[in-house]
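Novice: Sharing a structure, written as structure tokens. Questions coming.
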Amino acid sequence: MSTGPSPHGETPAHGDTPAHRDTPEHGETPAHGPASSHRADLPDPEVIGVRHGLFGPPGTGDTSGYGGLVKPVTLPPSSSRPFGGYFDDVDDALAAALGDTYDAAVEKIVVFRDEMTIHVAREYLPSVALTLRNAEDLRFELCLGVNGVHYPGDTGRELHAVYPLASLTHNRRLRLEVSAPGTDPHIPSICDIYPTNDWHERETYDFFGIIFDGHRSLTRIEMPDDWEGHPQRKDYPLGGVPVEYKGTRVDPPDRRRSYS
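Quick note, our numbering runs 1341 ahead of the 1-based positions in the sequence shown.
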């Protein structure tokens, strides 16, 4: 990018371009940056469990040599305003667009390592996603998929779905995070809002067991259709899973499953 004089003979100061104005400046949110973990004035992280061993407790097939590791499992705490950068503007625009439903829909906002995560109650996910996509001051047109996370110690919220969003209009990024209990692993699909999430939701269902209600064809995408369990959950065995090869079957064209 050119740093020469502008048409009016003035050289823009560093950070005066829209890309720099809308991106949190280095150090702009020091309370939530990487160096903030030692600050005494910050809220304590939420402790949801203790990890024993690098990959799990004894008896799970851990042969890494780190079986003696004992470490708390923590989640970043809720953040307080001002968040810094464009994060406050996003929160204001979302609150204005959602109106009276904002308090019920948004459980908390976390700014951690200069990244904004909006935790949303699962029943409000479609309306929040639609608002983030369509509202003029938000315009998060792109969803980069969905990632599953399994926190066995987060009682009543064991399964998390994380959605990275990007605004091409405003050059901004944020994440949505939704949780569901392991006994009721249902989260609404947002494929009608972000069609590119189709196969991402199928993969998250395949590996984590999250059921995306409303998905048009929520079937396994990587594991065989008759596979038992969800391999990326923390309670899935690290080894010793019997695998039975059942051969290959090619159905006639009129009986093949549609992927569209």
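No residue lacks a Cβ here, since even glycine has one placed at the ideal position from N, Cα and C.
Just to confirm, is the Cβ distance from residue 1484 to residue 1415 under 8 Å?
Specialist: No. Outside cutoff.
Novice: From the DSSP output, which residues share a beta bridge with residue 1517?
Specialist: Its beta-bridge partners are 1459 and 1504.
Novice: When you compare only the Cα positions, how much space is there between residue 1622 and residue 1422?
Specialist: Outside the modelled stretch of the chain, which goes from 1342 to 1601, sits residue 1622, for which no answer is possible.
Novice: Quick check on residue 1384: buried or exposed, where buried means 16 or more other Cβ atoms within 10 Å of its Cβ?
Specialist: By the 10 Å Cβ count, residue 1384 comes out exposed.
Novice: Might you give, ordered along the chain, the residues of its own chain that have their beta carbon closer than 8 Å to the beta carbon of residue 1411, omitting 5 neighbours on each side?
Specialist: These residues qualify, in order along the chain: 1391, 1392 and 1393.
Novice: Would DSSP call residue 1413 helix, strand or coil?
Specialist: DSSP places residue 1413 in strand when its eight states are reduced to three.
Novice: What is the DSSP secondary structure of residue 1596, counted as helix, strand or coil?
Specialist: Correct three-state label for residue 1596: helix.
Novice: Kindly indicate which three-state DSSP category residue 1590 falls into: helix, strand or coil?
Specialist: Residue 1590 falls in the coil class under three-state DSSP.
Novice: Drop a sphere of 10 angstroms on the beta-carbon of residue 1496, count the other beta-carbons inside from all chains shown, and report buried for 16 or more, exposed for fewer.
Specialist: When all chains shown are included, residue 1496 counts as exposed.
Novice: Indicate whether residue 1516 and residue 1506 have their beta-carbon atoms separated by less than 8 Å.
Specialist: It is a contact, given that the beta carbons lie within the stated cut-off.
Novice: With DSSP collapsed to three states, give me the class of residue 1324.
Specialist: The shown model of the chain, from 1342 to 1601, leaves out residue 1324, and the question about it has no answer.
Novice: Would DSSP call residue 1555 helix, strand or coil?
Specialist: Note: residue 1555 maps to coil in three-state DSSP.
Novice: Quick check: what's the CA-CA separation for residue 1572 versus residue 1578?
Specialist: Taking the straight line from one Cα to the other gives about 8 Å.
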